[in-house]
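Engineer: Those protein sequence lines, which keep their order, are chains A and B. Residue numbers for the first sequence follow the working numbering, so the first one is 67 and each next one is one higher. Residue numbers for the second sequence follow the working numbering, so the first one is 67 and each next one is one higher. C-beta: ideal position from N, C-alpha, C; glycine also. Mind having a look at this structure? Questions to follow.
Protein chains: 2
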Amino acid sequence: MKIATHLERIQPSYIREILSDANAEGVISLAGGLPSSDHFPMALMSEALQSLVNTPALFQYGETAGYRPLLDYFHQLYQLNDQQRGIVCTGSQQGLDLIARTFLNVGDSVVVESPSYLGALQVFGIAQARIETVEQTSTGPDLDELETLLRQKPIKLFYTVPDFHNPTGICWSLDTRKAVATLCQRHGVVLVEDAPYRELRFSGEALPMVSSFCPEQSLVLRSFSKVATPGMRLGLLTGPAPWVESIAIVKQAADLHSSQPMQAVLLKLLSHIGFTEHLGSLCALYGARYEQLSQRLQQLGDGYEFCAVQGGMFVWLKVPGGDPMAIAKAALENGVAIVPSTVFYTLGAINEGKAESAFRLNFSHAHHEQLATAVERLKATF
Amino acid sequence: MKIATHLERIQPSYIREILSDANAEGVISLAGGLPSSDHFPMALMSEALQSLVNTPALFQYGETAGYRPLLDYFHQLYQLNDQQRGIVCTGSQQGLDLIARTFLNVGDSVVVESPSYLGALQVFGIAQARIETVEQTSTGPDLDELETLLRQKPIKLFYTVPDFHNPTGICWSLDTRKAVATLCQRHGVVLVEDAPYRELRFSGEALPMVSSFCPEQSLVLRSFSKVATPGMRLGLLTGPAPWVESIAIVKQAADLHSSQPMQAVLLKLLSHIGFTEHLGSLCALYGARYEQLSQRLQQLGDGYEFCAVQGGMFVWLKVPGGDPMAIAKAALENGVAIVPSTVFYTLGAINEGKAESAFRLNFSHAHHEQLATAVERLKATF
């Protein structure tokens, strides 16, 4: 049986493909977006996990929108208003896929930053959307370029990760947040704000979400893979009620609903008295690992640059030149897995020579000594 | 934001929409396909659930294909050969959705039985497939009609539930199984065999799966919602390796992977020494409930007919006439929820007058007395 025509060019994620190599004996992986499994909040989930056996009702079919007590909790936590709804998804990845499936016609235009989250490029590729890109500055997307684009083309969605961007780690400035919200409102563009790393801030002050300036025009994706655990596969999508209700119709056909026992465990974890402290220590841990990595990277010498980050999981290391894919393969042979910049760009951006020679380096998963050794190996590779 | 054009006609599942009404105080629901939550194998899952807290590795990101020990177990259990692969899905519903997304181009033709599983009609509707139908006889699909269809039109998939069909409860005869496999091979049609109820046999002898006669031409969907529990949301899709690998690329974008802690619990449940006994007592329970329901239904009088079933969860009650949707609403007002036949037919079949006046009645969820009362209420409604 032949694969559907429009999927012929879709490739499996390079990152997930190399994860098996990255897990090989002796390889230090800075490749994935893996949280530190040594610091999963197992103790805080203990009671919730133990009590599952006494709550068979959780194991029955549930509502498509999600486990009601969890939805009520999110309504309070994220201060949703009466016009807004939430839907629990099988990871925020599913939320993004459902947005694309629910609202995009073949050939509809979406805007993403360049570079952008690989999983989003895959989703929009499968949806057969036209992907337009806006270059990133150190404070967020290039506003002039964005405005020109929105003025010239009928754009349906602007997908973005404003807090500790994947892959660059950039955090948008307040002015950029307000300006983008205004542009979306002016041009009737829906902002899809993906916020998986927002809680992982280890320095500086939190800024308001972009969607807070244009809530009537926004869909927000939240992930519990970074602050809770990824294996549970739980995310949240919120937005104007009619949009979320349309999304629920597609989710019904996609998987009926997400795992209900896992949703009950997540609720008890998030509302646990010790959760704030867990989050604080997680941020401190990642902050320390980032410090270690950045100090080592500074020793790489001229031409090797990166923007300082205040949170998240990634550093974007620019290199003087060379084929990033070939260098990443050589690095893997030297025992360190990193992700070449090219996978985060559209083919269009690469062909126009707009792709930087760079690598995404993760600092949340490897420990101190591993980070030092990894940079040694990178140095040898470069 | 406007919903995508091709979704404008997709309606939420009637069944899931009325589930909230069906759960109202005093209403007896024969509407859903709910297993009996009083008989979930909680004791058999106890140790697995308790030990989750000690296995943080399960809470890390996992492989898209599924939790490796579970996949290995399935490989043995279902005796997959070297050319076959399995992929764990977020319920078998996701498996079906992924098949449609991976292989169907807009306008591709698929065949379903008439009537057919509502969730399949939704999936193929969203995929913008052309849905062809074949009428059902008491031994399976009408073979002459199927052969004519396959000869005249380029059909890509034949989707079916041969064991205790949803909604009719029919179980295909051995001859029909062989004949359909031969037809699929001859015409290059892929058989999608959905087998959620296969293990729920309470009388008669199990027959070989249809796909066993044409494995190189089949994709098989298995659900663990009926024999384990639905709230976990786990199903399995198996088939030829290249097809399953293509499906994995789409699943990666759809939700990365399914809940890994739930997969670990499922593995321990299925391989538990007490699981066979659990399954036996579940079949006995449903058999007894079916006996109770069928005895009562026989008292409804002339014109109210149903085919005897040997397993599964449903009886298909034909009635002398009237608008099934209106009758179902009246029944709900009288305190019993049933599903009108019309939701299981395509618009084409309804317009051609091919839809029977009937109702799908579930017998797995309500207990003995409720079943008796439900039929009393139905009698009053009719």
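By the 10 Å Cβ neighbour count, where 16 or more other Cβ atoms means buried, how is B:T226 classified, buried or exposed?
Structural biologist: By the 10 Å Cβ count, B:T226 comes out buried.
Engineer: Whose Cβ in chain A lies nearer than 9 Å to the Cβ of B:L170?
Structural biologist: The answer, in chain order, is A70.
Engineer: Given A:S103, which residues of its chain have a CB within under 6 Å of its CB, disregarding the five upstream and five downstream residues?
Structural biologist: Excluding positions up to five away in sequence, the list is empty.
Engineer: What residue does the beta strand (DSSP E) around A:L223 start on, and which one ends it?
Structural biologist: Taken as a continuous stretch (DSSP letters only), the beta strand (DSSP E) holding A:L223 covers 221 to 226.
Engineer: So B:L96 packs on B:A440, CB below 8 Å; how close in whole Å?
Structural biologist: 6 Å between Cβ atoms; contact.
Engineer: Buried or exposed: where does A:N147 fall if 16 or more other Cβ atoms within 10 Å of its Cβ makes it buried?
Structural biologist: With fewer than 16 Cβ atoms within 10 Å of its Cβ, A:N147 is classed as exposed.
Engineer: In the stretch 148 to 163 of chain B, which residues sit with their C-beta less than 7 Å from some C-beta in chain A, listed in chain order?
Structural biologist: Result list: T156, G157, Q159, Q160, D163.
Engineer: Using Cβ-Cβ distances below 7 Å, what residues of the stretch 248 to 271 of chain A are close to chain B?
Structural biologist: Cβ contacts with chain B: V256.
Engineer: Determine which residues share a DSSP beta bridge with B:T304 and list them.
Structural biologist: B:T304 is bridged to B:G152, B:V286.
Engineer: With 16 other CB atoms within 10 Å as the buried threshold, where does A:A432 fall?
Structural biologist: By the 10 Å Cβ count, A:A432 comes out buried.
Engineer: Thinking just about the alpha-carbon of each residue, which of A:S175, A:A247, A:V172 is nearest to the one in A:P207?
Structural biologist: The candidate whose alpha carbon is nearest that of A:P207 is A:A247.
Engineer: State the CB to CB distance for the pair A:S182 and A:F410, rounded to an integer number of angstroms; the pair is presumed to be in contact (CB under 8 Å).
Structural biologist: Confirmed, about 6 Å.
Engineer: Our contact map puts B:V178 next to B:I197 with C-beta atoms below 8 Å; I'd like the distance itself, whole angstroms only.
Structural biologist: Indeed they touch by this definition, with Cβ atoms about 6 Å apart.
Engineer: Quick one: does A:W382 have its CB under 8 Å from some CB of chain B?
Structural biologist: Not one chain B Cβ lies under 8 Å of A:W382.
Engineer: For the beta strand (DSSP E) containing B:F380, name the first residue and the last one.
Structural biologist: 380 to 384 is the extent of the beta strand (DSSP E) around B:F380.
Engineer: For B:A307, which residues in chain A fall below 8 Å Cβ to Cβ?
Structural biologist: Those within 8 Å of B:A307 in chain A number zero; the least Cβ separation is about 12 Å.
Engineer: Going along chain B in order, which residues have a C-beta closer than 7 Å to the C-beta of A:P122?
Structural biologist: Residues of chain B passing the Cβ test: S103, F106, M108.
Engineer: Just mark A:P228 as buried or exposed, buried being the case when its beta carbon has 16 or more other beta carbons within 10 Å.
Structural biologist: By the 10 Å Cβ count, A:P228 comes out buried.
Engineer: Which of helix, strand or coil does DSSP assign to B:F425?
Structural biologist: DSSP places B:F425 in strand when its eight states are reduced to three.
Engineer: Looking at the C-beta of A:S95, does it have a partner C-beta in chain B at a distance below 8 Å?
Structural biologist: False, the Cβ-Cβ gap to chain B never drops below 8 Å.
Engineer: Note down, in chain order, every chain B residue with its Cβ under 9 Å from the Cβ of A:Y225.
Structural biologist: Near A:Y225 there are no residues of chain B at all, since even the closest Cβ is about 13 Å away, more than 9 Å.
Engineer: Check whether the stretch 382 to 401 of chain B touches the stretch 414 to 427 of chain B, counting contact only when three or more Cβ pairs, one atom from each stretch, lie closer than 8 Å.
Structural biologist: The stretch 382 to 401 of chain B is in contact with the stretch 414 to 427 of chain B.
Engineer: Might you give, ordered along the chain, the residues of its own chain that have their beta carbon closer than 7 Å to the beta carbon of A:L110, omitting 5 neighbours on each side?
Structural biologist: Hits under 7 Å: L335, H338, G340, F341, H344.
Engineer: Could you tell me which chain A residues have their CB closer than 8 Å to the CB of B:H323, listed as they occur along the chain?
Structural biologist: What B:H323 touches in chain A: R299.
Engineer: Note down, in chain order, every chain B residue with its Cβ under 8 Å from the Cβ of A:P220.
Structural biologist: Simply none; closest approach about 12 Å.
Engineer: Looking at the structure shown, is B:L124 part of a helix, part of a strand, or coil, going by DSSP?
Structural biologist: Helix, per DSSP.
Engineer: Pull up the DSSP beta-bridge partners for A:E201, would you.
Structural biologist: Answer by DSSP bridge pairing, in chain order: A:S180.
Engineer: Counting only beta-carbon atoms, is B:Y127 nearer than 8 Å to chain A?
Structural biologist: Answer yes: the Cβ-Cβ gap between B:Y127 and chain A drops below 8 Å somewhere.
Engineer: Should A:N428 be labelled buried (16 or more other beta-carbon atoms within 10 Å of its own) or exposed?
Structural biologist: Burial call: buried.
Engineer: Among B:G401, B:L437, B:T412, B:L444, which residue has its Cα nearest to the Cα of B:A90?
Structural biologist: That would be B:G401, whose Cα lies nearest to the Cα of B:A90.
Engineer: Quick check: the stretch 254 to 267 of chain A against the stretch 230 to 242 of chain A, are at least 3 beta-carbon pairs closer than 8 Å?
Structural biologist: Result yes; three or more Cβ-Cβ pairs closer than 8 Å.
Engineer: Would you report the Cα separation of A:T168 and B:A70, rounded to the nearest angstrom?
Structural biologist: For A:T168 and B:A70, the distance between alpha carbons rounds to 6 Å.
Engineer: Check B:G401 in the structure and name its three-state DSSP category.
Structural biologist: B:G401 falls in the coil class under three-state DSSP.
Engineer: So what does DSSP say about B:R355, is it helix, strand or coil?
Structural biologist: Here B:R355 sits in helix by DSSP.
Engineer: Which residues of the stretch 310 to 341 of chain B have a Cβ closer than 8 Å to any Cβ of chain A? Give them in chain order.
Structural biologist: Hits within the stretch, in order: S312, A314, I315, V316, Q318, A319, A320, D321, L322, H323, S324, S325, Q326, P327, M328.
Engineer: Whose C-alpha, out of B:L136, B:H141, B:D138, B:R151, is nearest the C-alpha of B:A314?
Structural biologist: Out of B:L136, B:H141, B:D138, B:R151, B:R151 has the C-alpha closest to the C-alpha of B:A314.
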